[in-house]
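Structure first, commentary second.
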Amino acid sequence: MKRLLGVLALVFTAMLALSGCVNMNAEVNVTGADQATGALQLTTHQENLQGQKFEDVLATQMNTDELDNILGGQWSYTTIDDGENVGLRFETIGKMNFVQLQDAFMLFGFPITLSDQDGEFGFSMPGAGEVAVNEQFTEANLQVSFPGKVLTHSAGEVDHHTVTFDMIAGANEYKATGAANYTMFYSLVFGGALLVLAMILVFAFAPKSAKDSAAH
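According to the UniProt record's numbering, the stretch in the sequence shown is residues 1 to 216, in order.
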């Protein structure tokens, strides 16, 4: 961001010192009514480390005790090494309600807003003028996922239940709405009702001897 805050400032500065280029991918996952999780990754190409271990090099640039103190009880983090990229992945500690997740993302300088109204979930975050990507990011994406399909979005690209915003391209505002997915709930209820009905019919039409045996 133009004005890096908290965790993002600390880790971004450290990784920029290591490699000169940093990729960022943030994730907001709405999982149900007033329930959501979040994640954020900061990575760089492994080749930029010139054969050194990421953890060892990062330790020379960043105070991990300070990082742990900032994260508090909201986020945990792990190192990433997929053979091509290395970095840190932050994940919220369990599911949060919408207000808790909004507060958690403020540690990274993301003033997100989540809402739930009439079976639709809403996401919004200010864009240009308030939240803008630092020019030294080589990639910066924000993914927002809903339980059901994406209904509307102000920018970005949609893939099934997820809309991805390119924060380098920017936008005046990042907005999306998504549907709640009650299909599984209704299928379980309907399936359970059918099972009970089937058992009643089987017992009702069973031979009398079988009923007598069941009674004893």
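Using N, Cα and C, we set each Cβ at its ideal position, and we do this for glycine too.
Remember, predicted model here, so these are calculated numbers, not experimental data.
Beta-bridge pairing of residue i - partner residues as DSSP gives them
i, result
"P111", "The partner list for P111 (beta bridge, DSSP) is empty, contrary to what the question assumes."
"K175", "S124"
"E157", "T164"
"residue 283", "What is shown of the chain runs 1 to 216, which leaves residue 283 out entirely."
"L142", "A26, F165"
"G32", "Q35"
"D116", "F121"
"V7", "Looking at the DSSP assignment, V7 forms no beta bridge with any residue, so it has no partner."
"V57", "Beta-bridge pairing links V57 to no other residue."
"F137", "V22"
"T152", "T177"
Rounded straight-line distance, which links the Cα of residue j to that of residue i
i, j, result
"M167", "I80", "22 angstroms"
"G87", "Q50", "15 angstroms"
"G122", "Q52", "43 angstroms"
"G191", "V163", "Caution is warranted here: a pLDDT of 44 is assigned to G191, below 50, making its placement in the model unreliable, and the coordinate value is therefore given only provisionally. Going from the Cα of G191 to the Cα of V163 covers about 32 angstroms."
"Q143", "M24", "11 angstroms"
"M184", "L67", "The predicted model places M184 with a pLDDT of 41, which falls under 50 and marks its position as unreliable; any figure quoted below should be read in that light. If I take the Cα positions, the gap works out to 40 angstroms."
"V11", "L71", "12 angstroms"
"D82", "E55", "14 angstroms"
"V7", "T44", "17 angstroms"
"A104", "M125", "14 angstroms"
"residue 217", "G32", "Outside the displayed range of the chain (1 to 216) lies residue 217, so it cannot be described from this structure."
"E47", "A169", "26 angstroms"
"N141", "A26", "6 angstroms"
"L188", "Q74", "Low confidence applies to L188: its pLDDT is 37, below 50, so where it sits in the model is not reliable, and the reading given next is rough at best. Taking the straight line from one Cα to the other gives about 33 angstroms."
"Y186", "M15", "Below a pLDDT of 50, predicted positions are generally treated as unreliable, and Y186, at 39, falls in that range; the measurement from the model is reported next regardless. In a straight line, the C-alpha of Y186 is about 47 angstroms away from that of M15."
"F165", "Q102", "18 angstroms"
"N63", "L151", "43 angstroms"
"T78", "S115", "29 angstroms"
"Q136", "T13", "10 angstroms"
Closest residue to residue i among the options (Cα-Cα distance)
i, options, result
"Q35", "E84, A140, M96", "M96"
"P111", "V22, A128, M15", "A128"
"V30", "T64, G73, E120, S76", "E120"
"H160", "N181, A169, A140", "N181"
"I93", "G109, L107, S76", "S76"
"Q117", "C21, F98, L107", "F98"
"L107", "T78, N69, T138", "N69"
"Q100", "F137, E139, V28", "V28"
With three or more C-beta pairs closer than 8 angstroms as the rule, is the segment 137-157 touching the segment 54-73? Here the segment 54-73 makes no contact with the segment 137-157; the two share fewer than three CB pairs at distances below 8 angstroms.
For the segment 170-178 against the segment 150-159, do three or more pairs of beta-carbon atoms, one drawn from each stretch, fall closer than 8 angstroms, so that the two count as touching? With a cut-off of 8 angstroms, the segment 150-159 and the segment 170-178 count as touching, because enough Cβ pairs lie within range.
Looking at C-beta atoms only, is the number of pairs between the segment 32-50 and the segment 82-96 that lie closer than 8 angstroms three or more? Contact between the segment 32-50 and the segment 82-96 is present, because at least three Cβ pairs lie under 8 angstroms.
Which runs of the beta strand (DSSP E) at least 3 residues long sit entirely within the segment 60-100? Give them in chain order. For the segment 60-100, whole beta strand (DSSP E) runs of length 3 or above, ordered along the chain, are 75-81, 85-92.
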